[in-house]
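Shown next, in structure tokens, is the structure this report addresses.
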Amino acid sequence: MKLKQIYDYFIAEGIKEDPRGQDKVELDLLKRKEDYDALSKEKKENYDVESLTNPYYDSRILAGSPDLEVKTVLVGIDIETPEILLAKQLNSLGKNIDLVIAHHPEGFAYSTFHNVLNMQAEITSALGVPINISEKLLSVRVREVKNSILPQNNERVEDAARLLEIPLMTAHTVADNHVATFLQKGIEAARPRFLKDIIEYLNAFPEYKYSAARGQAPHILLGCDDSRCGKVFVDMTGGTEGPIEMLEKLSSAGIGTIVSMHLGTKAVKEAEKYNMNVILAGHISSDNLGLNLLFDKLEKKYGKLNFVEASGFRRFRRDK
Numbered sequence: 268m269k270l271k272q273i274y275d276y277f278i279a280e281g282i283k284e285d286p287r288g289q290d291k292v293e294l295d296l297l298k299r300k301e302d303y304d305a306l307s308k309e310k311k312e313n314y315d316v317e318s319l320t321n322p323y324y325d326s327r328i329l330a331g332s333p334d335l336e337v338k339t340v341l342v343g344i345d346i347e348t349p350e351i352l353l354a355k356q357l358n359s360l361g362k363n364i365d366l367v368i369a370h371h372p373e374g375f376a377y378s379t380f381h382n383v384l385n386m387q388a389e390i391t392s393a394l395g396v397p398i399n400i401s402e403k404l405l406s407v408r409v410r411e412v413k414n415s416i417l418p419q420n421n422e423r424v425e426d427a428a429r430l431l432e433i434p435l436m437t438a439h440t441v442a443d444n445h446v447a448t449f450l451q452k453g454i455e456a457a458r459p460r461f462l463k464d465i466i467e468y469l470n471a472f473p474e475y476k477y478s479a480a481r482g483q484a485p486h487i488l489l490g491c492d493d494s495r496c497g498k499v500f501v502d503m504t505g506g507t508e509g510p511i512e513m514l515e516k517l518s519s520a521g522i523g524t525i526v527s528m529h530l531g532t533k534a535v536k537e538a539e540k541y542n543m544n545v546i547l548a549g550h551i552s553s554d555n556l557g558l559n560l561l562f563d564k565l566e567k568k569y570g571k572l573n574f575v576e577a578s579g580f581r582r583f584r585r586d587k
């Protein structure tokens, strides 16, 4: 399959699995196009035109020809210069790696990463938080994330890939959408009464089993085994953690339990303040589940790929 086919398919499937709903994503893209058309010629020069069809700034081709034929991919949760050097060295040993796929964004995909957080406004609005409150809280958080990104040298990995002629792409929110929607639907269908029921549900998946065997099992952070779940929100997409002030609004909207990849100390204290239950499913394990769901669909459509597992990624197929 071609690199462009992989990229286009990832974006299309990411949109289909977006918790906001495909129709809302398409409306957002339409508004972007209208805003772009209204810009002056000068302002259009530096506009990221790819964002007119790809709503996920953190999922991009960073190096390599779109027409590249891909048979073998090295996939990692975090790809930095050492992993690019690893791919080059493995190729010298005959691995024939055609493409490196990073989950977490690098290069341009990281420089514009803060824009992804805006999708959280509609996600939380669908849960009952007024959209005006969601948008205002998110605007502050987006500014914080943007300010933390701007001083960094974001070109290092992209430059390394270009100089070593290693094709590179990132697949972040397109994969996170898959795990968020998959687990949200699955937990709702399972109708768990207690937190221990959610833990049991998660532990049935190979990604979580693997992490549990390596000391990183899904666990209850706030609450106990017999705490009742109430309404469950699987919070696993939208770039990174949202504003901690959103937890109060989610609690008021009736959310009793949050299932997340990770949660910072301040956010944990805020959730505890509003008597919310919190389950940490695991960061890398959840990233793996999202990627594997996406790769399952890709291989079903275009045929099998050869995988080189690196940097925390493990390939578990569901269509054996």
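Residue numbers (this note's numbering): 268 to 587. Where is the CB? At the ideal position from N, CA and C, for every residue including glycine.
CA-CA distance, K413 to A393, rounds to 25 Å. Taking 8 Å as the cut-off, the beta carbon of K355 is found closer than this to the beta carbon of I433. In the DSSP annotation of this structure, L341 is not part of any alpha helix (DSSP H); the continuous beta strand (DSSP E) holding it starts and ends at 339 to 343. DSSP places A369 inside the beta strand (DSSP E), whose first and last residues are 366 to 369.
The stretch 308 to 327 makes contact with the stretch 372 to 387; the number of CB pairs closer than 8 Å reaches 3 or more.
Closest in C-alpha terms to D464, from the list C491, T440, A479, V446, comes C491.
In this structure, P286 lies away from T507, with their beta-carbon atoms at least 8 Å apart. When the five nearest sequence neighbours on each side are left out, the beta carbons in the same chain lying within less than 7 Å of the beta carbon of V383 are those of Y323, Y324, D325, T440, G505, G506, in order along the chain.
Here the C-alpha atom of L404 lies approximately 6 Å from the C-alpha atom of P510. Less than 8 Å divides the Cβ of A438 from the Cβ of L561.
Taken atom to atom, the span from the alpha-carbon of A548 to that of L469 is near 7 Å.
Under the three-state reduction of DSSP, E508 is assigned to coil, being neither helix nor strand.
The DSSP-derived three-state label of I546 is strand.
Just measuring C-alpha positions, the residue of E512, F277, D302 sitting nearest V535 is E512. For S527, the closest of N444, F580, D493, A457 by C-alpha to C-alpha distance is N444. Below 8 Å, enough C-beta pairs join the stretch 484 to 503 and the stretch 531 to 546 to call them touching: three or more.
Within its own chain, the residues whose Cβ lies closer than 8 Å to the Cβ of I351, once the five positions on either side in sequence are excluded, are V367, V424, A427, A428, L431, I433, L435, listed in chain order.
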